[in-house]
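Protein chains in written order, with this note's numbering: chain V, 1 to 795; chain S, 796 to 961; chain Z, 962 to 1387.
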Amino acid sequence: MATLNIEIDGKPLQVESGETIMDAANQAGIPIPHFCYHKKLSIAANCRMCLVQVEKAPKPLPACATPVTDGMKVFTRSDYAVQAQKSVMEFLLINHPLDCPICDQGGECQLQDLAVGYGGSSSRYQEIKRVVREKNLGPLIATDMTRCIHCSRCVRFGQEIAGVMELGMAGRGEHTEVMPFLETQVASELSGNVIDLCPVGALTSKPFRYSARTWELSRRPSISPHDSLGSNIEVHVKDNKVMRVLPADNEDVNECWLSDRDRFSYEGLNTPERLTWPMVKQDGQWIETDWQSALQFVADKLKTFAPEDVGALSTPYRPAEELFLLQKLMRGLGSGNVDHRLRHSDFSLDEQATGGFWLGMPVTYMSRLNRMLVVGSNLRKDHPLMAHRIRESVRWYGELNLINAHEDEFLGKVHAKRIVPPSQLAATLAGVCVALAELKNQPVPAIAAAYLEHGGVVDDTARRMAASLAGGGQGATDGGRAVFLGNMAQHHPTSAQIHALAQEVAHLAGASFGVLGEAANSVGAMAVGAVPHHGPLRSSAIRGKNAAEMLAHSLKAYLLLAVEAELDTHDPVTALQSIAGADFVVVMSPYKGKSLDYADVLLPIAPWTETSGTFINTEGRVQSFSAVVKPLGETRPAWKVLRVLGNLLGLAGFDHNDSKDVLRDALGDTPTGNVQAYLCNEIGPVAAAPAALGPGLERVAEVPIYQTDAVVRRSPSLQRTLDASLPVARMHSQLIARLGLTENGRVSVRQTASALTLKVERDDHLPDNCIRVPCGHPLTAHLGPMFGPITAEPV
Amino acid sequence: MAKSDKDSLRLSQESLNQIDAEVAKYPADQKQSAVMGALRIAQGEKGWLSRELVEYVANLLDMPAIAAYEVATFYNMYDTQSVGRHKITVCTNLPCALMGANEIGEHLKKRLGIGYGETTEDGRFTLKEGECMGACGDAPMCLHNNHVMHTHLTPETVDALLDKLK
Amino acid sequence: MSLLTPSIKVCSWTQDFDAPASLATYVANGGYQALRRVITEKISGDDIIAQLKLSALRGRGGAGFPTGLKWSFMPRAFPGDKYIVCNSDEGEPGTFKDRDILRYNPHQLIEGMAIAGYVLGARVGYNYIHGEIFEIYQIFERALNEAREAGYLGENLFGTDFCFQLHAHHGYGAYICGEETALLESIEGKKGQPRFKPPFPASFGLYGKPTTINNTETLASVPWIVQHGGQAFLELGKPNNGGAKMFSVSGHVNKPGNYEVGLGTPFAELLEMAGGVRNGHKLKAVIPGGSSAPVLPGNIMMDCTLDFDSIAKAGSMLGSGAVIVMDETVCMVRALERLAYFYFEESCGQCTPCREGTGWMYRVIHRIEHGQGRPEDLELLNSVASKIGGHTICALGDAAAMPVQSFLKHFGDEFAYHVEHKRCMV
């Protein structure tokens, strides 16, 4: 890469050859007006706004598309350049409707901003202006297509980032219109980013429409509370209310993007379902009361139980400070019954693990991997922006191999895949392991060999995957190989087997090994010790029951921190039964929800926008945030509630002044270093335990993208998207025929509890002995566990 | 789209064979190159390109439906709205206009009772105004259903042509 | 006439025969001999390019770029895929010469492309034929099959290890696909939206591979040049303007049609060949190179010779050699209105000045033609035209602007009359 000397506006610069004038200007901080150029998208050079004067060139050249040459002299503000730029602006304004007073983009509109500098104060266009019909893009994106200036960013975004071309520009000339293919929604889970990309008010946020002007909003930084990436966000607040959420640039985490879930979940913050007063149930009636009374009541009651009869449960979506204090409180009471892993079913790894499970690499590396194996993951929907990074890897030189129980379009090239019933995940992985060992002339690991004798098969696909993993770059870092476990692999009844086998594959391949991560604070929850088998940073602590054990049978008392038992657990039926059978249930939650049915005390705690806190993302990045609005009503940050409760219970060490104190108490003075030291995916040897193949049908369940946690469940716009459609029962056409069902007909499915009638949909990507019914959804909650046998009959 | 609806869209084996022949002209990983030929063939069989037909062709070529729709709406010989059994496209560009194309156009409008871009009520004729077709020396001229060119038109030859097209 | 005699009828000689397009006619009269010699004697590509440069053959599609130079841009030693593409999109109003080559002499084009493939290292070629001449596309496909069956296309031609396959691809109604990068996009199965340059097709062309695109007539001239040498071709014309060219004459002449003459022929001679102005009328204006070329008043045109240099000196372009003749019955405002509509209709819509500006110019001219012109309109038109030209991704913007500017320059009085009197001067 040669270094060239150029001049822009008289300023000498050194630039790498191959870069454009726009790149050079950006590096030097010299602004050049533009619309279609975007640092993350391919060059289009069609808006022509960035025309600049280049010495010796016969006409003005587009800065975004012109490569620098040695000795080049560029003038971005000479009369010649400005004349060209002004002429383009004039052309843009002749058909652009004068909508500013009613357009949401007003005040944050690139066209407005550039028109100030380059537009005329009056127009000499006296002809008819074109009008464009609106397009329905669904509940998230509002369209005013007459405003479109045809920059094509939204089209390029679909092709290049979202992985699916949902918008195109049909027609020709003046009649060109941006549109989706059919008037169906734009369905990508990253679709909302076009709102940021659109330089005018053609694509705007539908939930936010007409609700505020940009200059009325305060902008406050925060961190997304949903998936394990920990996207950096900017929350916009007006009059103490969250109005919208935008991405904050962080090149190492979310770049400049947000998933739709992160962008629109805020709607769930301001619903009438919010719990705003402490409530206590007396004689079957809910009574609102004050904090003092409520907490005293809780403290008094808790002291009446033996420590081992009390269980504390939370989710990995809560900030680290609360989870830390929850386990400190329980252990202070003498109980180790604390856990956040509500969807897990196999806890045998607790003994084998040597640290907290994490991604195994910085997030940025995911864009530059060249051999990947992902096991048991609903990749796109569980990790929208990590899937985007993997697509980048695939586009450049990467090979992606998938082992899963269902196949949804990855939107990128998949090198090899095996779709198997959940009970066969481990055996399939074992097949790859054996093939890889053979390829590398290494001894076959014992656990994999055991599977071979129990139905594990080394077939062509296994060999293809092994060959793929054996190739590619060196080492476990940037440009190398990786084995990842997805959420389903972690929730699986034999997740220890899967983890151990995946680790063997990674060792053999010389690949990095890690988990993609379930939630915003999965790593944080482990790190602060909100688990029964160790304390913060794996310090030894009182041990107790894990989440499954706590929910298998009724304990006498439950302390539930933001848990919606019918939706957040591995087996909601058993969980609800156990909780309902307890003597005393304390629910701390931002919402009322179904806990009105089984709780004895309801304590309103803050969602992440109303409290300070910390999430640790899947790469171990400690990201702290402050509250962006004041708590609603009598809501309090949960860490404060737990501190007061700890004091009322007479426990030592509950005198923190602020959440920073709590974090220090949890993770020490150097949290980042301490967390890094704690993270480790390696586990000790695990004995093979091949699962017996059942003769019947198996359930395949995924948590729908917009049902992952309490806040997003309550966002009305997200609940109107295609991804939030009513659950159906998906089956292979052969299974449909075998069961005597009809496609689009109805079926009655049953697991351990009551039956559920669902619409039948065909999915020939499923194994023919599986029925795919999503879990974590109100309509399917009473079926039973996420994995296991399921029966079906015609209705 | 429900699978059963697709049968009514399904192209004949003859058409599918022709599309295969188009695909064979291009590198194996560039099936999209055949979309212009495939849309032409589909339109030839079904008369015009409905959205569903465009999607069907897109699926044959493993390309996004919207990308195929872009092509169908960009090139003006594709009809994305229904047309009569006989589409007459008259070039009225300057060279043809100098040689009497507008008069032929007017004659057609009068005989058919429709204007440019319109279809007769009985669905027999659609009249369209076209751009230069590269036959200026033979003006006035027109295309019948995109593929058959008639040149040196006079009102008489126009009448004879229309009478022949049932 | 035949390919073996160095006559002026470089491309049109087969029209003297029955079955002009047939392989038999072509082969019986020297066809495919140049290809055979080049391949079997392994003549060096450098030598052929040198002959092309000597011939002063310039692109016959409109841009007039020196062909030898263009071929030398290809990375001929690059081991990967490369392509030779023929631009038979012929959409420039007034142009209809390539149609005659395709239907009367397809094999000379095929041979020219095969020679190009050999020189440029391309194993595959595509001929992009605009969809409006679909029957001729079918004729060309038949010629391709003839050539394949006879062993002039395909694997191991003439028993050597040279392989070359040629396919036809049809457009379907878009003038912009005559722009070389839009044409490539169209072959790739996308909208015909031109690419920005650089990169140029010789480094990033069809499917991202090095590609050379030439006009039909340009490629069809190659076998003649290989047969008779660059010097002979040059001498058909005049210095720096080598060869013969087919001129498509249309408009107010008695015998519209294609006439193949040597470059440097006086325009007056071509006019006479075309039977002179019809009905004994007077010559008012001529567009010498297709509608994108500036219009010239009749008297200026009469002083020109038909070559790149002479017409450029007169303030226009040889372009595609499409000569549109207008007599005194033509209202120049109405003529410009129709041309302005054409560019508005055909703009691909990608870039701002063309997408918005062509519509603006058309609407203003439309008003003037319909008696609603305003005094400031003429200056407005020139201003808008000057803001389009040079600011667009491709030359369609310039092509839309030049007629407006030239019509106003030479016939401004008619426009002023329209504005003032709200009707035609003519």
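Backbone N, C-alpha and C fix where the C-beta goes; we use that ideal spot for every residue, glycine too.
Would DSSP call Y1044/Z helix, strand or coil?
Position 83 of the third sequence holds residue 1044/Z. In the structure shown, Y1044/Z sits in a strand (DSSP, three-state: E or B).
Can the beta-carbon of V1286/Z be found less than 8 Å from the beta-carbon of V1247/Z?
Position 325 of the third sequence, counted from the start, is the residue given in the question as residue 1286/Z. Position 286 of the third sequence, counted from the start, is the residue given in the question as residue 1247/Z. Their beta carbons are under 8 Å apart, which means V1286/Z touches V1247/Z by this criterion.
Consider the Cβ of K1348/Z: report whether some Cβ of chain V lies at a distance smaller than 8 Å.
Within the third sequence, the letter at position 387 stands for residue 1348/Z. Answer yes: the Cβ-Cβ gap between K1348/Z and chain V drops below 8 Å somewhere.
Use the C-beta contact count for C1138/Z: other C-beta atoms within 10 angstroms, 16 or more gives buried, fewer gives exposed.
Residue mapping note: residue 1138/Z aligns to position 177 of the third sequence, counting from 1. Counting Cβ neighbours within 10 Å, C1138/Z comes out buried, since at least 16 surround it.
What do you get for V1256/Z, buried or exposed, if any count of 16 or more other CB atoms within 10 angstroms of its CB means buried?
Position 295 of the third sequence holds residue 1256/Z. Classification for V1256/Z: buried.
DSSP three-state call for A476/V: helix, strand or coil?
Here the question's residue 476/V lines up with position 476 in the first sequence. In this prediction, A476/V scores a pLDDT of 45, lower than 50, which makes its location untrustworthy; no coordinate-derived value is stated.
Rounded to whole angstroms, how far is the Cβ of I498/V from the Cβ of L485/V, which I believe are closer than 8 Å?
As a working mapping, residue 498/V is identified with position 498 in the first sequence. As a working mapping, residue 485/V is identified with position 485 in the first sequence. Contact holds; Cβ gap of about 7 Å.
Within the same chain, show all residues whose beta-carbon is closer than 6 Å to that of G355/V, passing over the 5 residues directly before and after it, in chain order.
Position 355 of the first sequence, counted from the first residue, corresponds to residue 355/V. Closer than 6 Å at Cβ, skipping near neighbours: Y678, L679 and C680.
Starting from V286/V, trace the beta strand (DSSP E) both ways and give me its first and last residue.
Translated into the one-based positions of the first sequence, residue 286/V becomes position 286. For clarity, residue 286/V is Trp in the given sequence; the question names Val instead. Residues Q285 to E288.
Pull the bridge partners of D1288/Z from the DSSP assignment, please.
Mapped onto the third sequence, residue 1288/Z falls at position 327. DSSP output for D1288/Z lists L1244/Z as bridge partner(s).
Report the option in R464/V, S423/V, G535/V and K440/V whose CA atom is closest to the CA atom of H492/V.
As a first step, residue 492/V must be located in the first sequence, where it is residue number 492. Of the listed residues, the one whose Cα sits closest to H492/V is S423/V.
List the residues that DSSP assigns as beta-bridge partners of T618/V.
The residue labelled residue 618/V in the question sits at position 618 within the first sequence. Answer by DSSP bridge pairing: none, since T618/V is not bridged.
Suppose you measure from the CA of V728/V to the CA of R746/V; what does that come to, to the nearest Å?
For the purposes of this step, residue 728/V is taken as residue 728 along the first sequence, with counting starting at 1. For the purposes of this step, residue 746/V is taken as residue 746 along the first sequence, with counting starting at 1. If you take the alpha carbons of V728/V and R746/V, they lie about 9 Å apart.
I'd like the list of long-range same chain contacts for I1354/Z, defined as Cβ closer than 7 Å, with 5 residues on each side in sequence excluded.
Here residue 1354/Z corresponds to residue number 393 of the third sequence, with the count starting at 1. Around I1354/Z: P1155, F1157, Q1311 and C1312.
Excluding five sequence neighbours on each side, which residues of the same chain lie with their C-beta closer than 7 Å to the C-beta of R418/V?
One-based indexing of the first sequence puts residue 418/V at position 418. Listed in chain order, the non-local C-beta contacts of R418/V below 7 Å within the same chain comprise I403, T428 and T461, local neighbours out to five positions each way being set aside.
Rank E916/S, V885/S and V866/S by C-alpha distance to the C-alpha of H902/S and give the top, closest one.
As a position in the second sequence, residue 902/S is number 107, starting the count at 1. Ranked by Cα distance from H902/S, the options E916/S, V885/S and V866/S are led by V885/S.
What are the boundary residues of the alpha helix (DSSP H) that M330/V is part of?
In the first sequence, counting from the first residue as 1, residue 330/V sits at position 330. Looking at the DSSP string, the run of the alpha helix (DSSP H) that includes M330/V is A320 to L333.
Have a look at D824/S, F869/S and M858/S and flag the residue whose alpha-carbon is nearest the alpha-carbon of G1132/Z.
By one-based count along the third sequence, residue 1132/Z stands at place 171. Of D824/S, F869/S and M858/S, the residue nearest in Cα terms is F869/S.
List the residues of chain S whose Cβ lies closer than 9 Å to the Cβ of P1217/Z, in chain order.
Here the question's residue 1217/Z lines up with position 256 in the third sequence. Per Cβ cutoff of 9 Å: P890, M894, C931, G932, D933 and A934.
Under 8 Å Cβ to Cβ from K1031/Z, same chain only, skipping five residues before and after it: list those, please.
Along the third sequence, one-based indexing puts residue 1031/Z at 70. G1020, A1163, T1173 and N1175, listed in sequence order.
What does a CB cutoff of less than 7 Å around A833/S pick up in its chain, not counting 5 residues either side in sequence?
Position 38 of the second sequence holds residue 833/S. Correct list, in chain order: I814, E817, V852, L855 and L856.
Can you name the residues that DSSP bridges to Q53/V?
Here residue 53/V corresponds to residue number 53 of the first sequence, with the count starting at 1. F75/V, per the DSSP bridge assignment.
Kindly list, in the order they appear in chain S, the residues whose Cβ is closer than 7 Å to that of L1300/Z.
The residue labelled residue 1300/Z in the question sits at position 339 within the third sequence. Neighbours of L1300/Z on chain S, chain order: L889.
Are P704/V and H777/V closer than 8 Å when you measure CB to CB?
Translated into the one-based positions of the first sequence, residue 704/V becomes position 704. Translated into the one-based positions of the first sequence, residue 777/V becomes position 777. In contact: P704/V and H777/V (Cβ atoms closer than 8 Å).
I'd like to know whether the C-beta of T952/S is nearer than 8 Å to at least one C-beta of chain V.
The residue you call residue 952/S lines up with position 157 of the second sequence. So no, T952/S is outside the interface.
Could you compute how far the alpha carbon of M894/S sits from the alpha carbon of Y821/S?
Translated into the one-based positions of the second sequence, residue 894/S becomes position 99. Translated into the one-based positions of the second sequence, residue 821/S becomes position 26. M894/S and Y821/S: Cα-Cα distance of roughly 40 Å.
Mind pulling the chain Z residues with CB within less than 7 Å of I32/V?
Position 32 of the first sequence, counting from 1, holds the residue named residue 32/V. For a Cβ distance threshold of 7 Å, nothing in chain Z lies close to I32/V: the least Cβ distance comes to about 15 Å.
Do Y1044/Z and V1085/Z have their C-beta atoms closer together than 8 Å?
By 1-based counting over the third sequence, the position of residue 1044/Z is 83. By 1-based counting over the third sequence, the position of residue 1085/Z is 124. When the beta-carbon positions are compared, Y1044/Z and V1085/Z come within less than 8 Å of each other.
Going along the chain, which residues of its own chain have a beta-carbon closer than 7 Å to the beta-carbon of D1007/Z, five neighbours each way excluded?
By 1-based counting over the third sequence, the position of residue 1007/Z is 46. No residues qualify anywhere along the chain.
Using alpha carbons as the reference points, say which of S754/V, L373/V and G192/V lies closest to G471/V.
The residue labelled residue 471/V in the question sits at position 471 within the first sequence. Nearest of S754/V, L373/V and G192/V to G471/V, Cα basis: L373/V.
From the DSSP secondary-structure annotation, give me the bridge partner or partners of K1206/Z.
Indexing the third sequence from 1 puts residue 1206/Z at position 245. In DSSP, K1206/Z forms a bridge with V1222/Z.
Taking only runs of the alpha helix (DSSP H) that begin and end inside the stretch 529-591 of chain V, which ones reach a length of at least 4 residues, in chain order?
547-552, 565-568 and 572-580
Please state the DSSP three-state secondary structure of E1141/Z.
Counting from one through the third sequence, the residue named residue 1141/Z turns up at place 180. Reduced to three states, the DSSP call for E1141/Z is helix.
Which one of Y598/V, I616/V and I579/V has the shortest CA to CA distance from D309/V?
The residue you call residue 309/V lines up with position 309 of the first sequence. Checking every option, the nearest Cα to that of D309/V belongs to I579/V.
Distance check for P1027/Z and M1278/Z, CA to CA, integer angstroms please.
For this step, residue 1278/Z is matched to residue 317 along the third sequence. For this step, residue 1027/Z is matched to residue 66 along the third sequence. Rounded to the nearest angstrom, the two C-alpha atoms are 15 Å apart.
Along chain Z, in chain order, which residues have C-beta atoms closer than 7 Å to that of A823/S?
Within the second sequence, residue 823/S is the residue found at index 28, counting from 1. Residues of chain Z passing the Cβ test: none, with the nearest at roughly 12 Å.
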